[in-house]
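First the structure, in the form of C-alpha cells, and then the observations on it.
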Amino acid sequence: MAINKAKNNQTTLSKLRHYAKHIFIPHKGNDYRPHLIRISGLSVILAVIVVIQLGYGLLNHSRTGVLGLESNISASDLLTDTNQQRQAANLKPLDLSEQLDQAALLKVKDMFANQYWDHTSPSGVTPWKWLTDVGYNYDVAGENLAKNFSDAGSIISAWMASPSHRANILNDKYTQVGFAVADGTLKGENATIIVAFYGLPTSVLAAKSPPQQYTSNIGSDMGGPLTRFGIALRSLNPAMLGTVAILVVVIFVSAAAHHYRYLLPKKFQNSWRRHHGAIKMLVVCLLILALLALSSGGQI
Numbered sequence: 022m023a024i025n026k027a028k029n030n031q032t033t034l035s036k037l038r039h040y041a042k043h044i045f046i047p048h049k050g051n052d053y054r055p056h057l058i059r060i061s062g063l064s065v066i067l068a069v070i071v072v073i074q075l076g077y078g079l080l081n082h083s084r085t086g087v088l089g090l091e092s093n094i095s096a097s098d099l100l101t102d103t104n105q106q107r108q109a110a111n112l113k114p115l116d117l118s119e120q121l122d123q124a125a126l127l128k129v130k131d132m133f134a135n136q137y138w139d140h141t142s143p144s145g146v147t148p149w150k151w152l153t154d155v156g157y158n159y160d161v162a163g164e165n166l167a168k169n170f171s172d173a174g175s176i177i178s179a180w181m182a183s184p185s186h187r188a189n190i191l192n193d194k195y196t197q198v199g200f201a202v203a204d205g206t207l208k209g210e211n212a213t214i215i216v217a218f219y220g221l222p223t224s225v226l227a228a229k230s231p232p233q234q235y236t237s238n239i240g241s242d243m244g245g246p247l248t249r250f251g252i253a254l255r256s257l258n259p260a261m262l263g264t265v266a267i268l269v270v271v272i273f274v275s276a277a278a279h280h281y282r283y284l285l286p287k288k289f290q291n292s293w294r295r296h297h298g299a300i301k302m303l304v305v306c307l308l309i310l311a312l313l314a315l316s317s318g319g320q321i
C-alpha cells in the first residue's frame with residue numbers, strides 16, 4: 022500500500038510538472054507558445070481577475086471598495102515604523118506628543134472642512150497655525166502629509182522615498198511627533214488623510230522669553246518617476262495587488278515566448294505569431310500602468 026501511494030504521488034507530481042511546463046514554459050511540445058498566453062489561457066486569467074475583484078468587493082461591501090476607507094492605519098504603527106527608520110540611521114526614537122496629535126487632528130479636519138490637499142490652505146493658513154492653537158512652543162517643526170494608503174508601512178516607505186519627507190523622519194533635532202488619521206470626503210471622493218507633525222519643543226525657560234525665530238520643514242515632493250511608481254504600488258488594495266502580480270507572470274511568460282520566437286514551427290514563421298510574445302508583453306505592461314493610474318490613490 023505504501024509503495025502504491027508513493028507511486029501515485031510521483032505520478033501526480035509528474036502530471037503537475039507536465040501541465041505547468043505546457044502552461045508556462047515555451048518548448049517544442051507546445052509549439053513554443055505557452056498555453057497561458059494563448060486565447061484560452063488569457064480568457065482564464067481574465068475570469069480569475071474578475072472573480073478576485075468581485076470577491077474582494079463583496080467582502081468589503083460596507084466600504085464599497087474605496088481605498089481611503091479600507092485603511093488599517095494607527096498612530097502606534099506609524100510611530101513604530103518611524104522609529105525603526107530613525108534607529109536604522111542611529112538616531113534617537115521620537116516620543117508621541119498629545120499636543121502634536123491634537124494639532125495634526127485640527128489640520129486634517131481643516132482640510133476636509135475647506136476641501137484642500139496641501140500644506141497651506143486656500144486662505145493662506147500655514148501648518149504652524151495648528152501648533153500655535155494647541156499651545157505647542159517649538160524651536161523646530163515639520164509636517165508630512167499622506168493620502169489614501171492602506172497601512173502604516175506603506176506610508177513610511179513612501180515618505181522615505183521622498184527627500185523632503187525623509188528629511189523630516191530623519192531630522193536629528195526632532196524629539197517628538199504627533200499623528201492624525203481621518204476618513205472623509207475630499208472633492209467628492211472618499212479619502213483617508215494622514216498628517217504627521219514633528220517638533221523640538223522649546224524649554225520652559227525659553228518659552229517665557231520673547232518669541233524666537235522658528236525653523237520648519239515641509240515634506241512636499243513626490244520624487245521621480247520610479248518613486249511615484251513605487252508609491253502607486255504601495256497604495257493598491259490587496260485585490261489589485263493580486264491582479265498586478267498575475268499580470269506580471271503573464272509578462273514573464275510572454276517575454277520567454279518572444280525569446281524563442283525563431284524556434285516556432287515553419288507555419289508560424291511568417292505570421293504575427295512570431296512576435297505574439299512581444300505584443301502581449303507590451304499590451305499587459307500598458308494595462309498595468311492603466312490599472313495603477315486608475316486604482317492607486319496614494320499621494321504624499
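Heads up, the sequence shown is in our numbering, so the first residue is 22 and it goes up one at a time. All C-beta atoms, glycine included, are put in the ideal place defined by N, C-alpha and C. Values in this document were obtained by computation on a predicted structure and should not be read as measured data.
Decide if Thr32 is buried, meaning its Cβ has at least 16 other Cβ atoms within 10 Å, or exposed. Position 11 of the sequence shown, counting from 1, holds the residue named residue 32. Exposed.
With a threshold of 8 Å on Cβ separation, who are the neighbours of Phe133 within its own chain once the five nearest residues in sequence on each side are excluded? Locating residue 133 in the sequence shown gives position 112, counting from the first residue. Only Ala203, Gly205, Thr206, Leu207 and Ile214 meet the Cβ criterion.
Secondary structure at Gly163, three-state DSSP: helix, strand or coil? As a working mapping, residue 163 is identified with position 142 in the sequence shown. In the structure shown, Gly163 sits in a strand (DSSP, three-state: E or B).
Quick one: residues in its chain with C-beta nearer than 8 Å to the C-beta of Ile44, no 5 flanking neighbours on either side, listed in chain order? Translated into positions along the sequence shown, residue 44 becomes position 23. Taken in chain order, the residues that qualify are Pro55, His56, Leu57 and Gly62.
Check Thr264 in the structure and name its three-state DSSP category. In the sequence shown, residue 264 corresponds to position 243, counting from 1. Thr264 falls in the helix class under three-state DSSP.
Check whether the region 150-166 touches the region 115-124, taking contact to mean three or more Cβ pairs, one atom from each stretch, closer than 8 Å. yes
Around the C-beta of Thr103, are 16 or more other C-beta atoms found within 10 angstroms, so that it is buried, or is it exposed? In the sequence shown, the residue the question calls residue 103 occupies position 82. That one is buried.
For the alpha helix (DSSP H) containing Tyr77, list its first residue and its last residue. Start at 1 with the first residue of the sequence shown, and residue 77 comes out as number 56. Unbroken alpha helix (DSSP H) run through Tyr77: Ile60 to Leu80.
Do the region 264-281 and the region 63-73 make contact, defined as three or more Cβ pairs closer than 8 Å? yes
Could you check where the alpha helix (DSSP H) with Asn15 kicks off and where it finishes? Residue 15 lies beyond the residue range present for the chain, which begins at 22 and ends at 321; the question has no answer from this structure.
Assuming contact is defined by CB atoms lying nearer than 8 Å, are Ala41 and Val129 in contact in what I supplied? In the sequence shown, the residue the question calls residue 41 occupies position 20. In the sequence shown, the residue the question calls residue 129 occupies position 108. Not in contact: Ala41 and Val129 (Cβ atoms no closer than 8 Å).
Spatially closest choice to Gln262 from Ala109, Leu166, Leu310 and Asn192, by CA coordinates: Numbered from its first residue, the sequence shown carries residue 262 at position 241. Going by the sequence as given, residue 262 is Leu instead of Gln. The shortest Cα separation from Leu262 among Ala109, Leu166, Leu310 and Asn192 belongs to Leu310.
Can you tell me whether Gln324 is buried or exposed? The criterion is at least 16 other CB atoms within 10 Å of its CB, across all chains shown. Beyond the ends of the chain as shown, which are 22 and 321, falls residue 324; an answer cannot be given.
Where Leu285 falls: helix, strand or coil (DSSP): Here residue 285 refers to the residue found at position 264 of the sequence shown. Residue state, collapsed to three classes: coil.
So, under 8 Å CB-CB, Phe218 and Leu112 are touching, yes? Tell me the CB distance rounded to an integer number of Å. The residue labelled residue 218 in the question sits at position 197 within the sequence shown. The residue labelled residue 112 in the question sits at position 91 within the sequence shown. With 8 Å as the limit, Phe218 and Leu112 do not qualify as a contact, their Cβ atoms being about 18 Å apart.
Under 8 Å between the Cβ atoms of Ala179 and Gly319? For the purposes of this step, residue 179 is taken as the residue at position 158 of the sequence shown. For the purposes of this step, residue 319 is taken as the residue at position 298 of the sequence shown. A contact, by the Cβ cut-off of 8 Å.
So Leu115 and Tyr195 are supposed to be a Cβ contact under 8 Å. How far apart are they, rounded? Here residue 115 refers to the residue found at position 94 of the sequence shown. Here residue 195 refers to the residue found at position 174 of the sequence shown. The pair is a contact, with the Cβ atoms about 6 Å apart (cut-off 8 Å).
Pick helix, strand or coil for Gln320, following the three-state DSSP scheme. Translated into the one-based positions of the sequence shown, residue 320 becomes position 299. Looking at Gln320 - three-state DSSP - the assignment turns out to be strand.
Inter-residue Cα distance where the pair is Asn169 and Gly209: For the purposes of this step, residue 169 is identified with residue 148 of the sequence shown, where counting begins at 1. For the purposes of this step, residue 209 is identified with residue 188 of the sequence shown, where counting begins at 1. Taking the straight line from one Cα to the other gives about 14 Å.
List the DSSP bridge partners of Lys168. Taking the first residue of the sequence shown as position 1, residue 168 is located at position 147. Partner(s): Ile214 and Gln320.
Comparing alpha-carbon positions, which option in Ile46, Leu34 and Arg38 lies nearest Ala278? Taking the first residue of the sequence shown as position 1, residue 278 is located at position 257. Closest by alpha carbon: Ile46.
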